[in-house]
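In terms of our numbering, the sequence shown opens at residue 18 and continues consecutively.
See structure below.
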Amino acid sequence: MADFIIREMARNELDIVLGWAEQESWRPGVADADYFYPTDPHGFFIGLLGGEPIASISGIKYGDGYGFIGLYIVKPQWRGQGFGIQLWHTAMGYLQGRNIGLDGVIAQQGNYQKSGFQIAHRHVRYQGVSVHQPVPGHGIVPAGQILFTDILSYDNAFFPEPRPGFLQGWLKQQHGTALAITRQSRVSGYGVIRACHTGFRIGPLFADSPSEAQVLFNALQNTIPEHSPIFIDIPEPNADAMALATRYAMEPIFETARMYTRQAPDIDLTRSYGVTSLELG
């Protein structure tokens, strides 16, 4: 392993890694690298063997006290040889001193627990087909028409630390749409839908009530071609969110466990109908 090198990832290398993620059927958005990388350019790491990229991980810092592990991938032919654990230690060292979160697939949850992570709740990915629905008179507006500080303030209830740098890009999806819903001139929900290589992913979807979540869900679907594949990652504790997916004949296809190294942050799962991403939290 003398010629195995770990270093910070260059922006163009993140495109390579997201290609690996697509091969793993994670369905990243077609332009995710444009929004992921600026969030923490020092938090993406790549492993090279003889100069060839073979493994990756991200450890993204948010605020002063939170970090998130994602994009932990070793190319199949190099698994089981100790390369992944070296990247793991690199990312964990980068996030040292913070409460660290991740979304662990079933097969790896035991290993993460050995590293000090504890399960907080499950995320379930649902797949369905978009259907256009009328949404008249419900206060839906493009998120860009809302003061960014109002969107950020609303988002703070759903994430352990403020994430202004990430949100500023995420709300301006080149291959997607961000919508908000207002009630009495106050933000009462917002959501984003973006193109992935095989359909569209919704995330986040936050709303004050099940009815507003459904209106946003419909409005987001209306921005893409009808009968397109759609995906959403739902926090299992939110029974209303699970019911929404069922109402639209969506099927569960994948699950992860949201895990943390410390106590689970105080985030509002009751109003979270879809997480932003499994890659960056």
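Ideal Cβ placement from N, Cα and C applies to all residues, glycine included.
Since this is a predicted model, take the numbers as computed values, not measurements.
Within 10 angstroms of the beta-carbon of Thr215 lie fewer than 16 other beta-carbons, which makes it exposed. Pro181 and Tyr265 have their C-alpha atoms some 32 Å from each other. Judged by their CB atoms, Gly206 and Leu188 are not nearer to each other than the 8 Å cut-off.
Counting every other CB atom within 10 Å of its CB across the protein chains shown gives Pro55 a total below 16, marking it as exposed.
Of His140, Gln125, Phe183, the smallest CA-CA separation from Gly80 is found for Phe183. Pairing His138 with Glu253 gives a Cβ-Cβ distance under 8 Å.
When the alpha-carbon of Arg200 is set against those of Asp283, Phe165, Val158, the nearest one is in Val158.
Rounded to whole angstroms, the separation of the alpha carbons of Tyr83 and Gly114 is 9 Å. Leu169: member of the alpha helix (DSSP H) spanning 165 to 172, first to last residue. The alpha-carbon of Thr293 is positioned some 31 Å away from that of Gln94.
Ranking Met109, Gly60, Ala212, Gln125 by CA distance to the CA of Gln238 puts Ala212 first.
Between the alpha carbons of Glu272 and Asn235 lies a distance of about 24 Å. Rounded to whole angstroms, the separation of the alpha carbons of Gly156 and Ser73 is 42 Å.
Contact annotation, Glu296 with Gly87: C-beta distance approximately 4 Å; criterion of less than 8 Å satisfied. Between the stretch 62 to 69 and the stretch 118 to 132, the count of C-beta pairs closer than 8 Å stays below three; the two stretches do not touch.
Its chain contains Ile77, Lys78 as the residues whose beta carbon lies nearer than 7 Å to that of Asp57, once the 5 sequence neighbours on both sides are disregarded; these appear in chain order.
When Pro177, Arg279, Asp32 are compared, the shortest CA-CA separation from Gln130 is found for Arg279. Beta-carbon to beta-carbon, Arg218 and Arg44 are separated by about 6 Å, close enough to satisfy the 8 Å threshold.
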